[in-house]
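S.K.: Residue numbers for the sequence shown follow this note's numbering, so the first one is -2 and each next one is one higher.
Every residue gets a Cβ at the ideal spot worked out from N, C-alpha and C, and that includes glycine.
Okay, handing you the structure first.
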Amino acid sequence: MVYINGEWKQSKSKMEVRNPATNEVIETVSTVGKVETEEAIKSAKQAFKSWKKTTFTERVTYLEEAARLLEEQSEELAQLITKENGKPIADARYEVNDGIDFLHWYAEEAKRVYGDVLPTAAKDKQLFVIRRPVGVCAAITPWNFPFSMITRKIAPALATGCTIILKPASATPLSAIKVFECFHKAGLPEGIVNLVIGKASEIGNTLTKSKDVKKITFTGSTDVGKLLLKNSAETVKASSMELGGHAPFIVFADSDINVATDGVLMTKFTNSGQTCVSTNRIYVEKNIAEEFTSKLVQKVEELKIGNGLDEDVNVGPIIDSNSFEKIMNQITDAKAKNGEIVCGGRQYDNKSDGYFIEPTIIVNANDDMLIAHEETFGPVVPIFTFENEEEIIEKANHTHYGLAGYCYTKDLGRAFKMMEELEYGMVGINDPAPFAIHTPFGGVKESGLGQEGGKYGLDAYLITKYVSFNTN
Ligand code: ADP
């Protein structure tokens, strides 16, 4: 099923959507390719002509109405997210609130697209800087937040007066369909939002190579991000890339071990470790490593694994067999390189065909291990030790990724030093959840370009035009 120019369309080719907790087919959806994507671009281009001229009050009305309709169905949407993605239902409910909040936030922020009047050096000139919508946008979203990544992109696009074509992840198209049903019911004029579901490379190539698409916004892996950037270079598209991460989680001996281990639970096992800001390497100061590890193991062993629809489950399944194999391979590799598994380490038998992995902690970790460099995207974490600040700064930054980093210490001077030295787009000091609706979300190095969220997310959909008036 696709939504182009205000209409839902079916096609002959179909794709199955499976519940990763059971591997059962939950829905079959129509898929499309190049021809329909071109149609969607044409419709978004046509719609942009009038949409860009609307007042912010008109645009805000649609955003708020879509938010209201989604709120009405919030529990149904949360259940859908858990079914197609596998995450625990409490996390899905959180995602629904977060995703709807993006619509509210940008409905507010739409009112604040300000320009500047600059001082002039010449008596007969007046200088203006104005902000305008960038144009037709293409958004490609991942499966790990199948709902909120969509509104995080579509809400600021609509708020600024852009039109958009969305390609959601093939594993999780159902939340996207729900969002578009709400946009349709909200009465959004035709062509402003378009949904294409189908083969990623075919749709991606069509979107990135089109001269009519002026901006690409992507959340996903660094490899796919690089490909999209390469393909977008020909038409010099504006690009926002939220790519992979390899977050260090640093624990100094002066920190509160109880608080720090809670921080690991949140940053490592939420969404079964399948988030780009998940902790990928724990670094603990050597003299507290043993105490820290035993406390962490104790807490991890209490986590309940299972189908996310069970209210008391903390850790759900892995999205698919490829991810499952990749994670298990990191465990095997770590063991072969002298790693010791102190907790978990195996497939979890849930008496279903889902892909479950026991929350796993590896000690004696070293830099030769795959897990020290490769993004894990699973509930597995290695513990490294360190002896001083210089060493840990060097180790934490020794990666081409630079999305999120976490640091636990009670020493204020050290906290400021770490804030400066960590080469990450987002740093949590004694904070495992630094992300919020109004804060800039984005990475440095090969973790991405640009930011989403808050006023920063609005900038990503605006172009700056400078105008000089000669008043003679
Ligand atoms: P992950 O699956 O690890 O989140 P991916 O980068 O593979 O990361 O997927 C994120 C999004 O990118 C999904 O919507 C996926 O379908 C899409 N995608 C994957 N390959 C391509 C491609 N060649 N061109 C465009 N989009 C792609």
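#1: Compare the beta carbon distance of Phe246 and Val261 with 8 Å and say whether it is the shorter of the two.
#2: Measure the C-alpha to C-alpha separation of Leu124 and Leu115 and round it to an integer number of angstroms.
#3: Among Lys211, Lys208, Ser237, Val210, whose alpha-carbon lies nearest the alpha-carbon of Gly222?
#4: For a test of your reading of the model: does the CB of Leu224 fall under 7 Å from any non-hydrogen atom of the ligand ADP? Yes or no.
#5: Quick one, which of Ala173, Gln271, Lys182, Asp209 has its alpha-carbon nearest Ser481's?
#6: Could you check which residue in Phe53, Lys334, Gly422 has the C-alpha nearest to that of Ala244?
#7: Where are the alpha helix (DSSP H) runs, 4 residues long or more, that stay fully inside the segment 242 to 293, in chain order?
#8: Since Glu24 is in the beta strand (DSSP E), which residue starts that stretch and which ends it?
#9: Identify, in the order they occur along the chain, each residue of the same chain with its Cβ nearer than 7 Å to the Cβ of Ile389, setting aside the five sequence neighbours on each side.
#10: Should Val274 be listed as close to the ligand ADP, given that the test is whether its C-beta is under 7 Å from any heavy atom?
#11: Go through its chain and collect everything with a Cβ distance to Val274's Cβ below 8 Å, but skip five positions before and after it.
#12: Looking at C-beta atoms only, is the number of pairs between the segment 327 to 336 and the segment 291 to 299 that lie closer than 8 Å three or more?
#13: Check this for me: beta carbons of Met(-2) and Ile194, under 8 Å apart or not?
#14: Can you check whether the CB of Ser40 is closer than 8 Å to the CB of Glu187?
#15: Can the beta-carbon of Trp140 be found closer than 8 Å to that of Asn82?
#16: In three-state DSSP terms, what is Pro170?
#17: Helix, strand or coil for Pro376, going by three-state DSSP, please let me know.
#18: Which residues mark the beginning and the end of the alpha helix (DSSP H) in which Ser145 is found?
#19: Thinking C-alpha only, which one of Ala457, Asp428, Glu443, Glu420 is nearest Pro437?
#20: Output the residue ranges of the alpha helix (DSSP H) runs that lie fully inside the segment 72 to 160 and measure 4 residues or longer, sorted by chain position.
#21: Taking Asn172 and Phe144 to be in contact with their CB atoms under 8 Å, please state how far apart those CB atoms are, rounded to whole angstroms.
#22: Can you give me the C-alpha to C-alpha distance between Glu72 and Lys334, rounded to a whole angstrom?
#23: Should Glu239 go down as buried or exposed, given a rule of 16 or more other Cβ atoms within 10 Å for buried?
#24: Using a Cβ-Cβ cut-off of 6 Å (strictly less than) and excluding sequence neighbours within five positions of Met12, which residues of its own chain qualify?
#25: Hey, Ile302 and Tyr352: beta-carbon distance below 8 Å or not?
#26: Quickly, what does DSSP pair Ser218 with across the bridge? List them, please.
#27: Considering only residues of the same chain and omitting the five flanking positions on each side of Ala230, which have a CB-CB separation below 8 Å?
#28: Should Met416 go down as buried or exposed, given a rule of 16 or more other Cβ atoms within 10 Å for buried?
#29: Would you tell me roughly how many angstroms separate the C-alpha atoms of Gln7 and Asn467, rounded to the nearest one?
#30: Please name the residue or residues paired with Leu459 in a DSSP beta bridge.
#31: By Cβ distance, which residues of its chain are closer than 7 Å to Phe180, with the 5 residues on each side in sequence left out?
#32: When the Cα atoms are used, what is the spatial distance from Phe413 to Val441?
#33: At what residues does the alpha helix (DSSP H) containing Leu60 begin and finish?
#34: At the level of alpha carbons, what is the spacing between Asn474 and Lys42?
#35: Identify whether Val233 lies in helix, strand or coil by the three-state DSSP scheme.
#36: Secondary structure at Arg343, three-state DSSP: helix, strand or coil?
M.R.: Result, derived from the coordinates:
#1: yes
#2: 5 Å
#3: Nearest of Lys211, Lys208, Ser237, Val210 to Gly222, Cα basis: Ser237.
#4: yes
#5: Residue 481 lies beyond the stretch modelled for the chain, which goes from -2 to 469, so this question has no answer here.
#6: Gly422
#7: 254 to 266
#8: Unbroken beta strand (DSSP E) run through Glu24: 22 to 27.
#9: Ile247, Tyr280, Phe383
#10: no
#11: Gly242, Ala244, Thr264, Leu400, Ala401, Met423, Phe432
#12: no
#13: yes
#14: A contact, by the Cβ cut-off of 8 Å.
#15: yes
#16: helix
#17: coil
#18: 145 to 157 is the extent of the alpha helix (DSSP H) around Ser145.
#19: Closest by alpha carbon: Ala457.
#20: Within the segment 72 to 160, the complete alpha helix (DSSP H) runs of at least 4 residues are 86 to 106, 145 to 157.
#21: According to the sequence provided, residue 172 is Ser. The question's Asn does not apply to it. Confirmed, about 4 Å.
#22: Approximately 45 Å between the Cα atoms of the pair.
#23: buried
#24: Val26, Thr28
#25: no
#26: Under DSSP, no beta-bridge partner is assigned to Ser218.
#27: none
#28: Per the 10 Å Cβ criterion, exposed.
#29: 55 Å
#30: Pro130
#31: Residues of the same chain with a CB within less than 7 Å of the CB of Phe180, apart from the 5 flanking positions on each side, are Ala63, Val190 in chain order.
#32: When rounded, the distance between both Cα atoms is 19 Å.
#33: 53 to 69
#34: Residue 474 lies beyond the range of the chain shown here (-2 to 469); nothing can be said about it.
#35: coil
#36: Arg343 falls in the coil class under three-state DSSP.
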